[in-house]
Amino acid sequence: MQHPQEIDRHRSVVVELPLEDGDGDCATFDLEKAVCSHGLFMMAPNRWDTLSKTLERPLRLSENINDDDHGQSVLVQITQPSDSPHSLLLCVFGTDSLSTIHRRSLLGQVRRMVRLSVEENKRVKQFQEICGEAKERGFGRVFRSPTLFEDMVKCMLLCNCQWSRTLSMAEALCELQLELNCPSSAASFPDPDNQNQLKGVTSKSEHFTPRTPARKESRERAGAYGCSRNLLERLTEVKEIVDIGKPGVTVTPAFSVGEEVLQKSNLCQDTTEVCEVSTSAPFNPDPSDDRKLSSFNHLGNFPSPKELASLDESFLAKRCGLGYRAGRIIKLAKGIVEGSIQLKELEEACSNPSLSNYDEMAEQLREIDGFGPFTCANVLMCLGYYHVIPTDSETIRHLKQVHARTSIIQNVQREVENIYGKYAPFQFLAYWSEVWHFYEERFGKLSEMPHSEYKLITAANMRRKRNGKCKKLKITSSENLACNLEG
22 MQHPQEIDRH
32 RSVVVELPLE
42 DGDGDCATFD
52 LEKAVCSHGL
62 FMMAPNRWDT
72 LSKTLERPLR
82 LSENINDDDH
92 GQSVLVQITQ
102 PSDSPHSLLL
112 CVFGTDSLST
122 IHRRSLLGQV
132 RRMVRLSVEE
142 NKRVKQFQEI
152 CGEAKERGFG
162 RVFRSPTLFE
172 DMVKCMLLCN
182 CQWSRTLSMA
192 EALCELQLEL
202 NCPSSAASFP
212 DPDNQNQLKG
222 VTSKSEHFTP
232 RTPARKESRE
242 RAGAYGCSRN
252 LLERLTEVKE
262 IVDIGKPGVT
272 VTPAFSVGEE
282 VLQKSNLCQD
292 TTEVCEVSTS
302 APFNPDPSDD
312 RKLSSFNHLG
322 NFPSPKELAS
332 LDESFLAKRC
342 GLGYRAGRII
352 KLAKGIVEGS
362 IQLKELEEAC
372 SNPSLSNYDE
382 MAEQLREIDG
392 FGPFTCANVL
402 MCLGYYHVIP
412 TDSETIRHLK
422 QVHARTSIIQ
432 NVQREVENIY
442 GKYAPFQFLA
452 YWSEVWHFYE
462 ERFGKLSEMP
472 HSEYKLITAA
482 NMRRKRNGKC
492 KKLKITSSEN
502 LACNLEG
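Under our numbering, the residues of the sequence shown are numbered 22 to 508, in order.
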């Protein structure tokens with residue numbers, strides 16, 4: 022494996038994604054509005070840069086276009102140039118060439134995240150025709166993840182906790198993904214004490230007792246790879262958790278210290294078919310790129326099913342603060358790895374979402390441990406079913422503050438149908454457009470909110486004073502970003 026410090030961080034490939042479909046170009050597509058449209062964009066490893074209006078995150082270079090569980094992770098920046106608004110530009114760091122299959126894989130993931138397809142474009146137009154307010158706001162697309170698995174896990178993280186904890190759990194999972202891929206670099210650590218402790222290891226997983234430090238302490242990294250030494254030692258001791266050294270087994274690399282990519286030795290060579298990558302405008306890194314790339318110092322990609330399936334439940338729960346969710350996430354990952362849960366088939370079945378097959382899809386999801394009505398409805402929303410509104414305490418708060426409707430969990434579904442039924446089959450889009458607008462009236466434009474303030478979007482900060490008015494929350498930025506707090 023190539024040492025990360027040997028990789029030229031300015032090596033990059035730019036891929037163009039035209040915003041066109043069979044009906045003509047997507048003249049109304051706006052990357053900022055497409056990304057900053059749901060709380061999923063705030064969850065790691067996504068990072069929206071408020072100054073450059075660029076989405077930054079790692080994506081996997083899958084060898085098989087239908088397989089998102091394997092492949093090297095690379096840092097990708099996605100932007101919509103003001104001088105060429107009919108295209109998105111993907112800057113892929115850490116490489117100077119991409120194979121055709123890698124290029125298609127990246128483009129497919131980006132299309133999924135911002136819902137770029139002929140069908141989605143038609144649905145945006147149809148929705149905006151019946152909801153004038155949404156059209157005025159430019160709302161019609163709801164951001165999602167590059168893979169269905171990431172969506173499913175993040176929807177589980179939305180349940181039964183405050184938004185700040187949801188953000189922390191997602192971030193911890195991405196930190197863990199980086200750590201899980203560090204043992205392959207164990208030789209890079211010259212510490213004699215560390216090497217001595219790696220002797221006499223046991224392969225018995227039952228001897229593995231999690232001794233995970235607090236999250237604050239876990240950020241203290243060892244060596245250039247940014248990996249927790251304590252975790253490195255324990256994962257090296259337990260072969261069942263990461264099968265390092267087994268014949269034919271390689272470790273999927275994470276992108277490293279922000280600006281470079283850890284490349285697998287068996288992926289350093291491109292396939293024989295290499296595409297010519299074209300762009301309508303050259304990508305010229307500016308000094309601010311160092312600041313943007315350094316934001317990924319302690320994060321990896323979102324973990325894949327294979328990376329989570331063999332983990333110890335107790336360890337995962339403690340390391341990432343997941344609580345009871347850890348067991349459910351591991352079961353989901355195992356089901357996918359073992360083949361009992363077929364995400365590709367599920368996504369294909371939802372390629373043309375309709376009222377007629379919603380119940381069938383919901384029934385399949387409910388068979389998965391941890392997928393109750395709220396999680397199922399959120400996952401199906403990510404898959405394009407917009408006629409069912411996932412309801413929880415936030416829905417109850419919104420109906421009370423905006424519509425003066427007092428409801429409880431037992432009747433809130435009936436209340437939302439009474440209010441938003443006229444927008445069928447886009448009830449969720451109408452509801453979420455309204456909720457998102459309320460958030461921006463309260464906090465200012467969310468695409469301009471500093472990352473450190475995301476955790477402030479809580480019910481407690483949306484309560485009205487006794488005079489019936491919402492207190493405006495003062496947002497400050499460590500980057501001295503001037504946020505428009507008056508909407």
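All C-beta atoms in this analysis are idealised placements derived from N, C-alpha and C, irrespective of residue type, glycine included.
Keeping to the same chain, check which residues put their C-beta closer than 6 Å to that of Ala383; ignore five residues upstream and five downstream. Taken in chain order, the residues that qualify are Cys397.
May I ask you to report which of helix, strand or coil DSSP gives Phe323? Looking at Phe323 - three-state DSSP - the assignment turns out to be coil, as it is neither helix nor strand.
Do you know how far the Cα of Arg346 is from the Cα of Leu353? Answer to the nearest angstrom: the Cα atoms are 11 Å apart.
Are Lys175 and Ser166 closer than 8 Å when you measure CB to CB? Going by C-beta atoms, Lys175 is nearer than 8 Å to Ser166.
Taking the C-alpha atoms as reference points, what is the distance between Val433 and Thr412? Between the alpha carbons of Val433 and Thr412 lies a gap of roughly 7 Å.
So, at 6 Å on beta carbons, what are the nonlocal neighbours of Ile478 in its own chain, with the 5 sequence-adjacent residues on each side left out? Same-chain partners within the cutoff: Trp184.
Around the Cβ of Gln448, are there at least 16 other Cβ atoms within 10 angstroms (buried) or fewer (exposed)? Gln448 comes out buried.
Inter-stretch contact at 8 Å, needing at least 3 Cβ pairs: the stretch 58–73 / the stretch 107–121: Touching, no, given that fewer than three Cβ pairs across the two stretches are closer than 8 Å.
Which first and last residues belong to the alpha helix (DSSP H) in which Glu192 is found? From DSSP, the alpha helix (DSSP H) with Glu192 extends over Trp184 to Leu201.
Cα-Cα separation between Met177 and Leu169, rounded to whole angstroms: For Met177 and Leu169, the distance between alpha carbons rounds to 12 Å.
For Gly405, does the count of other Cβ atoms within 10 angstroms reach 16, so buried, or fall short, so exposed? Label assigned to Gly405: buried.
Contact set for Ala330: own chain, Cβ-Cβ below 6 Å, skip 5 residues either direction: For Ala330, where only same-chain residues beyond five positions count, the Cβ hits under 6 Å are Ala354, Lys355 and Val358.
When you compare the CB positions of Val35 and Phe164, do they come within less than 8 Å of one another, or not? Contact: no.
Between Asp172, Ser58, Glu328 and Gln198, which has its C-alpha nearest Gln130's C-alpha? Put simply, of Asp172, Ser58, Glu328 and Gln198 the residue whose alpha carbon is nearest the alpha carbon of Gln130 is Asp172.
Report whether the distance from the Cβ of Ala480 to the nearest heavy atom of the ligand COA is below 7 Å. As presented, the structure is devoid of all ligands, the ligand COA included, so that no description of it is given.
Suppose the cutoff is 7 Å on Cβ atoms and the five residues either side in sequence are ignored; what does the same chain contact list for Ile351 look like? So the qualifying residues of the chain are Leu329, Ala330, Leu332, Glu334 and Leu337.
For Arg484, report the span of its alpha helix (DSSP H) as first-last. In the DSSP assignment, Arg484 falls outside any alpha helix (DSSP H), carrying neither H nor E.
In angstroms, rounded to a whole number, what distance separates the CA positions of Thr416 and Cys182? In this structure, the straight-line span from the alpha carbon of Thr416 to that of Cys182 is close to 14 Å.
Nearest-angstrom Cβ-Cβ length linking Lys74 and Gly159, presumed shorter than 8 Å: Between Lys74 and Gly159, the beta carbon gap of about 14 Å keeps them out of contact (Cβ cut-off 8 Å).
Count the other C-beta atoms from every protein chain shown that fall within 10 angstroms of the C-beta of Ser206, then say buried if there are 16 or more, exposed otherwise. Reliability of the predicted coordinates at Ser206 is poor, the pLDDT of 34 falling under 50, and the value obtained from them is presented with this limitation in mind. Sixteen is the threshold: when 16 or more other Cβ atoms of the shown chains lie within 10 Å of the Cβ of Ser206, as they do, the residue is buried.
Would you mind reading off the limits of the beta strand (DSSP E) that contains Ser335? Segment Glu334 to Cys341 is the alpha helix (DSSP H) holding Ser335; no beta strand (DSSP E) there.
Of the choices Ile99, Tyr407 and Cys152, whose alpha-carbon is the least far from that of Pro374? Checked all of Ile99, Tyr407 and Cys152; the closest Cα to Pro374 is Tyr407.
Let me confirm a value: Pro39 is counted as buried when at least 16 other C-beta atoms fall within 10 Å, else exposed. Which label applies? Around the CB of Pro39, fewer than 16 other CB atoms lie within 10 Å, so the residue is classed as exposed.
So the candidates are Leu201, Arg484, Leu364 and Gly344; which of them puts its Cα closest to the Cα of Arg186? If you compare the alpha carbons of Leu201, Arg484, Leu364 and Gly344 with that of Arg186, the shortest gap goes to Gly344.
If you scan the stretch 68–149 from start to end, which runs of the beta strand (DSSP E) of 3 or more residues do you find wholly inside it? For the stretch 68–149, whole beta strand (DSSP E) runs of length 3 or above, ordered along the chain, are 68–70, 75–82, 93–100 and 108–114.
Please identify the residue among Ile430, Val97, Arg349 and Leu128 whose C-alpha is closest to the C-alpha of Asp390. For the residues Ile430, Val97, Arg349 and Leu128, the minimum Cα distance to Asp390 belongs to Arg349.
Just checking my contact of Cys152 with Ser33 at CB under 8 Å: how many whole Å lie between their CB atoms? The Cβ separation is near 40 Å, so there is no contact.
Please state the DSSP three-state secondary structure of Ser33. Strand, per DSSP.
Report the three-state DSSP secondary structure of Leu38 (helix, strand or coil). Here Leu38 sits in strand by DSSP.
From Gln198 to Phe62, what does the alpha carbon distance come to, in whole angstroms? Whole-angstrom Cα-Cα distance: 19 Å.
Using 10 angstroms around the beta-carbon of Ala191, count the other beta-carbons present and answer buried if the total reaches 16, otherwise exposed. That one is buried.
Is it true that the stretch 419–437 meets the stretch 452–472, where meeting means three or more beta-carbon pairs spaced less than 8 Å apart? Between the stretch 419–437 and the stretch 452–472 there are three or more C-beta pairs closer than 8 Å, enough to call the two in contact.
Where does Lys466 sit, in a helix, a strand or coil, going by DSSP? Looking at Lys466 - three-state DSSP - the assignment turns out to be coil, as it is neither helix nor strand.
So, is Leu376 buried or exposed, given that buried needs 16 or more other C-beta atoms within 10 angstroms? By the neighbour-count definition (other C-beta atoms within 10 Å, threshold 16), Leu376 is an exposed residue.
Mind checking whether Phe392 and Leu401 have CB atoms under 8 Å apart? Cβ atoms of Phe392 and Leu401: not closer than 8 Å.
Could you check what DSSP says for Gln431 in three-state terms: helix, strand or coil? Collapsing the DSSP output to three states places Gln431 in coil.
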